Amino acid sequence: MEGAATIHSIRPSQQHRFRPAVVSSCIRELVREQLGGESYDSERSAETAQTLSKRITDRLKELGLDRYKLVVQVVIGEQRGEGVQMASRCFWDADTDSCAKDVYMNDSLFCVAAVFGIYHY
Amino acid sequence: MEDYQTGEETAFVVDEVSTIVKEAVEGAIGENSYQQSRVKQWTNNVVEQCLSQLNKLGKPFKYIVTCIIMQKNGAGLQTACSCFWDNTTDGSCTVRWENKSMYCIVSVFGLAI
Chain E
0 MEGAATIHSI RPSQQHRFRP AVVSSCIREL VREQLGGESY DSERSAETAQ
50 TLSKRITDRL KELGLDRYKL VVQVVIGEQR GEGVQMASRC FWDADTDSCA
100 KDVYMNDSLF CVAAVFGIYH Y
Chain D
0 MEDYQTGEET AFVVDEVSTI VKEAVEGAIG ENSYQQSRVK QWTNNVVEQC
50 LSQLNKLGKP FKYIVTCIIM QKNGAGLQTA CSCFWDNTTD GSCTVRWENK
100 SMYCIVSVFG LAI
């Protein structure tokens with residue numbers, strides 16, 4: 000009797016690992032595509048942030064990160080000379096989990112997109 | 000051997016997390032005015048305090064805490080997030096806090112192991 004044994008792995012293989020550089024360039028491309036040349040508008044920017052985060056999530060699903068749970072956070076702010084500071088800390092498994100981010104700025108707005116990939120055992 | 004069931008003790012409770020975050024922000028910033036030289040320290044303090052309190056809850060979760068502090072000068076800010084996870088076990092909580100000179104937005108994401 001033949002059967003293929005499926006092994007449930009609790010560590011990702013090299014191919015299916017969350018690679019920050021790859022994810023970062025992917026976010027970069029999407030952010031510039033959506034926001035290039037746009038100006039901050041309080042009504043539209045809320046929707047833009049939501050759409051952008053959804054698009055990033057969808058694109059990342061295509062990268063083959065099957066066992067990863069994804070959290071995508073997009074922040075869009077108006078450029079008016081104010082000071083802004085953003086920080087994050089995570090409690091996770093440093094071997095399998097990671098994050099990637101990208102910052103975009105033009106004359107009227109700034110945008111920070113952060114993606115966290117958490118491996119699901 | 001103990002059976003790990005998804006029950007009340009192991010769910011992501013938004014109210015509990017929200018209280019933790021508010022206390023952390025009050026403790027770290029309180030009534031201080033925005034200062035460029037101190038804001039980095041404040042954001043770090045807020046996230047570290049939140050994370051250590053969350054870990055004390057002893058739940059089987061991985062946590063992500065982000066904090067944004069913005070000076071009040073009339074500018075607008077929008078945040079959005081999109082998550083690909085298990086809706087039955089994972090959750091998030093966002094707290095908006097402000098004082099006379101700045102806004103603080105803290106987001107906590109809890110992902111079940």
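Those protein sequence lines, which keep their order, are chains E and D.
Mapped onto numbering that gives the first Met the number 0, the consecutive letters of the first sequence carry residue numbers 0 to 120.
Mapped onto numbering that gives the first Met the number 0, the consecutive letters of the second sequence carry residue numbers 0 to 112.
Glycine included, each C-beta is placed from N, C-alpha and C at the ideal position.
Just so it is clear, the structure is predicted and the values come from calculations on it, not from any experiment.
- prompt: In terms of DSSP beta bridges, what is residue 101 of chain E paired with?
  reply: According to DSSP, which records beta bridges pairwise, residue 101 of chain E is partnered with E/112.
With 16 other Cβ atoms within 10 Å as the buried cut-off, status of residue 66 of chain E: buried
message: With DSSP as the reference, identify every bridge partner of residue 88 of chain E, one or two as the case may be.
response: D/64
Alpha-carbon spacing of residue 112 of chain D relative to residue 18 of chain E, whole angstroms: Between residue 112 of chain D and residue 18 of chain E, the C-alpha separation is close to 21 Å.
- prompt: Cβ of residue 11 of chain E within 8 Å of Cβ of residue 118 of chain E?
  reply: yes
field: Against chain D: residues of the stretch 4-37 of chain E by CB proximity under 9 Å
entry: So nothing in the stretch comes that close.
query: Around the Cβ of residue 47 of chain E, are there at least 16 other Cβ atoms within 10 angstroms (buried) or fewer (exposed)?
result: buried
field: Which residues DSSP lists as bridging residue 95 of chain D, in chain order
entry: D/104
query: At least one CB of chain D closer than 8 Å to the CB of residue 68 of chain E: is that the case?
result: yes
message: Is the separation between the beta-carbon of residue 46 of chain D and that of residue 64 of chain D shorter than 8 Å?
response: yes
field: Residues within the stretch 70-98 of chain D neighbouring chain E, beta-carbon criterion of under 9 Å
entry: 70, 71, 72, 73, 74, 75, 76, 77, 78, 79, 80, 81, 82, 83, 84, 85, 89 and 91
field: Terminal residues of the beta strand (DSSP E) in which residue 81 of chain D lies
entry: 76-83
- request: Please name the residue or residues paired with residue 111 of chain D in a DSSP beta bridge.
  value: D/60
query: Once you ignore the five residues that flank residue 107 of chain E on each side, which residues in its own chain have a CB closer than 8 Å to its CB?
result: 37, 38, 39, 77 and 78
field: Closest by C-alpha distance to residue 40 of chain D, when choosing among D/27, D/51 and D/32
entry: D/27
message: If the cut-off is 8 Å on Cβ atoms, which residues from the stretch 103-118 of chain E count as contacting chain D, listed in chain order?
response: 113, 115 and 117
- prompt: Is the beta carbon of residue 114 of chain E sitting closer than 8 Å to the one on residue 99 of chain E?
  reply: yes
task: Quick one: using the 10 Å Cβ neighbour count with 16 as the cut-off for buried, is residue 5 of chain E buried or exposed?
output: exposed
message: Buried or exposed for residue 89 of chain D, going by 16 or more other Cβ atoms inside 10 Å?
response: buried
field: Under 8 Å between C-beta atoms of residue 62 of chain E and residue 33 of chain E
entry: no
task: Quickly, what does DSSP pair residue 69 of chain E with across the bridge? List them, please.
output: Answer by DSSP bridge pairing, in chain order: E/116 and D/83.
field: Residue from D/70, D/67, D/50 and D/62 whose Cα sits closest to the Cα of residue 19 of chain D
entry: When only C-alpha atoms are compared, the closest one is D/50.
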